[in-house]
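Since the structure comes first, as structure tokens, the remarks are kept for the end.
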Amino acid sequence: MEIIVGTYENFLLGYKVDIKVDKPSIVQSFADRSHSGSIRCVAVKDQWIATGATDDRIFIYDMSTRKQAQIILSHDGTINSLAFTPDGTHLLSAGDDGRMIATRLKTWFTDATWKKAHSGSAVTHVSCHPSGKLALSLGSDLVLRTWNLVKGRVAYKTNLKSRNTLGRQPDCLTWSPNGDYFTLSGQRVVEFWSIKTADVARSQKTKSKPTCLSWISDEECLVGLENGKILWLNVNKEEDNDIEIPAYMYVRVKVMQSFKNNLITASSFGEIKVWQIVANKRKLKEVAKANIGCRPTCLSVLDLEQFGANYVISSTIEEVKDIKPTGSKAKAPPRGVVTIEYDDDDNEDSDSNSKSDHEEESDEEEVTEGEEEENDNDSAAEESDDDENEDDVEEPSSEPASSNSEEDEQNAEPVMRLPKSRKHKLQLMKMKSNTNKKQEMDNYVKPQQTINKAKNKQKNKK
88 MEIIVGTYEN FLLGYKVDIK VDKPSIVQSF ADRSHSGSIR CVAVKDQWIA
138 TGATDDRIFI YDMSTRKQAQ IILSHDGTIN SLAFTPDGTH LLSAGDDGRM
188 IATRLKTWFT DATWKKAHSG SAVTHVSCHP SGKLALSLGS DLVLRTWNLV
238 KGRVAYKTNL KSRNTLGRQP DCLTWSPNGD YFTLSGQRVV EFWSIKTADV
288 ARSQKTKSKP TCLSWISDEE CLVGLENGKI LWLNVNKEED NDIEIPAYMY
338 VRVKVMQSFK NNLITASSFG EIKVWQIVAN KRKLKEVAKA NIGCRPTCLS
388 VLDLEQFGAN YVISSTIEEV KDIKPTGSKA KAPPRGVVTI EYDDDDNEDS
438 DSNSKSDHEE ESDEEEVTEG EEEENDNDSA AEESDDDENE DDVEEPSSEP
488 ASSNSEEDEQ NAEPVMRLPK SRKHKLQLMK MKSNTNKKQE MDNYVKPQQT
538 INKAKNKQKN KK
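Residue numbers (this note's numbering): 88 to 549.
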């Protein structure tokens, strides 16, 4: 197995442990620092590893090739929780921006976005039911929401504000392996909720604050405490059968994760321990330990047996340069006066049809601010909304834009050239054609009037 650890120092660390040998040892396998903020959560499913941090980004790693697979930019705040669906098709993410997002694996497209999953409050926890049809989310609004993932909507809401035992920041939201129970922890209490009764099946007080929790069977779980001890709890048995096991001296158990018949824990000072679970005696046997030199924030375990015996572990995670982040928002265009520029030539009347065909096939050309001053024959007109006023076309101004002072040049707003719509071009051509015909008629009528006046004068003289 390979232990995956996220740290406050922005590092994602990997440690290989061979538990089949007589004396297992913890050996560092890789270190990656792609995040620019402290890592808050990590999730593992098959060959995929997902990490979320305070830099608003989610990194996806494909451990079959030991490369970065994708960067997801769907959130606008710290990523608080990540969870893969049991069928391995989606990744659920929750953040401080109040969103809960479902991202499809491999294509990395966003299938569903709940922008206000908790009425705009930060979403702190998300956990998927083993069936893959339900999910639980917990927010800073102290409302526990049950989601129907098949229909993509909230199925049930539970207000936790009236439960004083859980305090203002409930934690340790996890499902049991069979999905019959889920847990919530408070300041000094651990509660087991039953989905059959939709209520608390057992509430266990603790001597210290619970910091992490991991299920080892359908009815038993281990709880890490702030005083450095591990509490062994059973859902259906009384308090007298609960056992406290010392794990660390004077430091809290920061994170823990069970894997097969083993338990992996990490203290707030960075000491990792691997324990063998002796279920029949309800004991933990320490197998190996190591200090990572960083402060851990989250932990998970990758099963290396799925890759076969020939799998080679590299000491680094390769960064693929051609990754295109998904979920990024398009940047707003620079603010300024947006104009559409048209070419106005004197000889355009003779070959207007050929030029119109040529203009439809040509692509958009870039125009600088200097060209607006140099081309005296160019005209500019502000583009009106096509949906609201398609028939109204303003006649382009014959006076080119100019600036008479240096201040105007410095404060001049950028001019953007937009593609010409076919309707605008046809209307403009028609308008120009009518103008040209009017000019031709004027040029014909005026000389004829002059000739007629001359003839009348001659007649009068005679």
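Backbone N, C-alpha and C fix where the C-beta goes; we use that ideal spot for every residue, glycine too.
1. Ignoring anything shorter than 3 residues or poking outside the segment 160-223, list the beta strand (DSSP E) runs there in chain order.
2. Pull up the distance between the alpha-carbon of A419 and that of Q274, whole angstroms please.
3. So the candidates are N543, I332 and A242; which of them puts its Cα closest to the Cα of I364?
4. Measuring only the C-alpha atoms, how far is M88 from N349?
5. For K203, which residues of its own chain have a beta-carbon under 6 Å away from its beta-carbon, when the five flanking residues on both sides are left out?
6. Based on the DSSP output, what are the partners of A93 in its beta bridges?
7. Heavy atom of the ligand SAH less than 6 Å from the Cβ of H212, yes or no?
8. Taking the straight line between their C-alpha atoms, what separation do you get for G239 and K372?
9. Nearest-angstrom Cα distance between G139 and A285?
10. Tell me, please, whether the segment 218-226 touches the segment 163-173 by the rule of three or more beta-carbon pairs shorter than 8 Å.
11. Compute the beta-carbon to beta-carbon distance between T261 and S227, rounded to the nearest angstrom, for a pair I have assumed lies under 8 Å.
12. Can you tell me whether T298 is buried or exposed? The criterion is at least 16 other CB atoms within 10 Å of its CB, across all chains shown.
13. Tell me, to the nearest whole angstrom, how far the beta carbon of L229 is from that of K248; I am working on the premise that it is less than 8 Å.
14. State buried or exposed for V108, treating a residue as buried only when at least 16 other CB atoms are found within 10 Å of its CB.
15. Give me the residue from W195, Q134 and K103 with the minimum Cα distance to I145.
16. Which residue or residues does DSSP assign as beta-bridge partners of E278?
17. I'd like the list of long-range same chain contacts for D267, defined as Cβ closer than 8 Å, with 5 residues on each side in sequence excluded.
18. Leaving out five residues on either side along the sequence, give the residues of the same chain with a beta carbon under 7 Å from the beta carbon of S387.
19. Report yes if the CB atom of V340 is closer than 7 Å to the CB atom of G380, and no otherwise.
20. Could you tell me which residues DSSP puts in a beta bridge with Y243?
21. Exposed or buried, what is P217 when buried is set at 16 or more other beta-carbons lying within 10 Å of its beta-carbon?
22. CA-CA distance, K103 and V361?
23. Going by the CB atoms, is the gap between A137 and L178 shorter than 7 Å?
24. Decide if Q291 is buried, meaning its Cβ has at least 16 other Cβ atoms within 10 Å, or exposed.
25. Just verifying my parser: in three-state terms, what is the DSSP assignment at M88?
26. Could you tell me the distance, in whole angstroms, from the CA atom of R191 to the CA atom of H162?
27. Which class does I106 belong to by DSSP, given the choice of helix, strand or coil?
28. Pick helix, strand or coil for E358, following the three-state DSSP scheme.
29. Quick check on the burial criterion: 16 or more other C-beta atoms within 10 angstroms. Buried or exposed for D430?
30. Mind reading off the beta-carbon distance from T165 to R127? Whole number of angstroms is fine, and I expect it under 8 Å.
31. Leaving aside the five residues before and after N440 along the sequence, list all residues of the same chain whose C-beta is less than 6 Å from its C-beta, in chain order.
32. Please state if the CB of P383 and the CB of T94 are separated by a distance shorter than 7 Å.
33. Find out if the Cβ-Cβ distance for the pair G101, D133 is shorter than 7 Å.
The relevant details are as follows:
1. Qualifying beta strand (DSSP E) stretches, in chain order: 166-171, 177-182, 187-191, 197-201 and 210-215.
2. Here residue 419 refers to the residue found at position 332 when the sequence shown is read from its first residue. Here residue 274 refers to the residue found at position 187 when the sequence shown is read from its first residue. Confidence at A419 is low in this model, with a pLDDT of 43, below 50, so its placement is unreliable and no value can be given for it.
3. Here the question's residue 364 lines up with position 277 in the sequence shown. The residue with the shortest Cα to Cα distance from I364 is I332.
4. What you label residue 88 is simply residue 1 of the sequence shown in a count that begins at 1. What you label residue 349 is simply residue 262 of the sequence shown in a count that begins at 1. Computed Cα separation, rounded: 10 Å.
5. Start at 1 with the first residue of the sequence shown, and residue 203 comes out as number 116. Once the five neighbours on either side are set aside, the close Cβ partners of K203 are G185.
6. Residue mapping note: residue 93 aligns to position 6 of the sequence shown, counting from 1. According to the sequence shown, residue 93 is Gly rather than Ala. Answer is L99 and C385, bridged to G93.
7. With respect to small molecules bound, the structure shown includes none, and the ligand SAH cannot be examined in it.
8. For this step, residue 239 is matched to residue 152 along the sequence shown. For this step, residue 372 is matched to residue 285 along the sequence shown. Answer to the nearest angstrom: the Cα atoms are 43 Å apart.
9. The count along the sequence shown starts at 1 and reaches residue 139 at position 52. The count along the sequence shown starts at 1 and reaches residue 285 at position 198. C-alpha separation (whole angstroms): 31 Å.
10. Segments in contact, yes.
11. Here residue 261 refers to the residue found at position 174 when the sequence shown is read from its first residue. Here residue 227 refers to the residue found at position 140 when the sequence shown is read from its first residue. At roughly 19 Å, the Cβ-Cβ gap does not stay under 8 Å, so T261 and S227 are not in contact.
12. Here residue 298 is taken as the residue at index 211 of the sequence shown, counted from 1. Residue environment: T298 is assigned as buried (16 or more neighbouring CB atoms within 10 Å of its CB, all protein chains considered).
13. In the sequence shown, residue 229 corresponds to position 142, counting from 1. In the sequence shown, residue 248 corresponds to position 161, counting from 1. Going by Cβ atoms, the distance from L229 to K248 rounds to 5 Å, so yes, they are a contact pair.
14. Here residue 108 refers to the residue found at position 21 when the sequence shown is read from its first residue. So V108 ends up on the exposed side.
15. Locating residue 145 in the sequence shown gives position 58, where the first residue counts as 1. Cα-wise, what sits closest to I145 is W195.
16. The residue you call residue 278 lines up with position 191 of the sequence shown. For E278, which the question treats as bridged, DSSP gives the partners L271 and S290.
17. Looking up residue 267 in the sequence shown gives position 180. The residues are S281, I282, K283 and D305.
18. Taking the first residue of the sequence shown as 1, we reach residue 387 at position 300. Excluding the 5 residues flanking it on each side, S387 has same chain C-beta neighbours closer than 7 Å at I91, V129, A130, V131 and Q344, in chain order.
19. As a working mapping, residue 340 is identified with position 253 in the sequence shown. As a working mapping, residue 380 is identified with position 293 in the sequence shown. The answer is no: Cβ separation not under 7 Å.
20. Position 156 of the sequence shown, counted from the start, is the residue given in the question as residue 243. Y243 is bridged to T233.
21. Position 130 of the sequence shown, counted from the first residue, corresponds to residue 217. The residue is exposed, with fewer than 16 neighbouring Cβ atoms inside 10 Å.
22. Within the sequence shown, numbered from 1, the residue matching residue 103 stands at position 16. Within the sequence shown, numbered from 1, the residue matching residue 361 stands at position 274. Approximately 11 Å, taken between the alpha carbons.
23. Taking the sequence shown and counting its residues from 1, the one referred to as residue 178 is at position 91. Taking the sequence shown and counting its residues from 1, the one referred to as residue 137 is at position 50. In this structure, A137 lies closer than 7 Å to L178 by Cβ.
24. Taking the first residue of the sequence shown as 1, we reach residue 291 at position 204. Answer is buried; the Cβ neighbour count reaches 16.
25. What you label residue 88 is simply residue 1 of the sequence shown in a count that begins at 1. Annotated three-state conformation of M88 is coil, per DSSP.
26. Position 104 of the sequence shown, counted from the start, is the residue given in the question as residue 191. Position 75 of the sequence shown, counted from the start, is the residue given in the question as residue 162. The alpha-carbon atoms of R191 and H162 are separated by roughly 15 Å.
27. Position 19 of the sequence shown holds residue 106. I106: coil per DSSP, three-state reduction.
28. Counted from its first residue, the sequence shown places residue 358 at position 271. Shown here, E358 sits in a strand according to DSSP, grouped into three states.
29. Residue mapping note: residue 430 aligns to position 343 of the sequence shown, counting from 1. For D430, the pLDDT reaches just 46, beneath the cut-off of 50, and the residue's location in the model is therefore unreliable, leaving the point undetermined.
30. Walking along the sequence shown from the start, residue 165 turns up at place 78. Walking along the sequence shown from the start, residue 127 turns up at place 40. Confirmed, Cβ separation roughly 6 Å.
31. For the purposes of this step, residue 440 is identified with residue 353 of the sequence shown, where counting begins at 1. Its pLDDT being 47, under 50, N440 is placed unreliably by the model, and the measurement read from it follows with that caveat. Non-local beta-carbon contacts of N440 in its own chain, meaning distances under 6 Å to residues more than five positions away in sequence, are absent.
32. Translated into the one-based positions of the sequence shown, residue 94 becomes position 7. Translated into the one-based positions of the sequence shown, residue 383 becomes position 296. Cβ atoms of T94 and P383: closer than 7 Å.
33. Counting from one through the sequence shown, the residue named residue 101 turns up at place 14. Counting from one through the sequence shown, the residue named residue 133 turns up at place 46. With contacts defined by Cβ atoms closer than 7 Å, G101 and D133 do not form a contacting pair.
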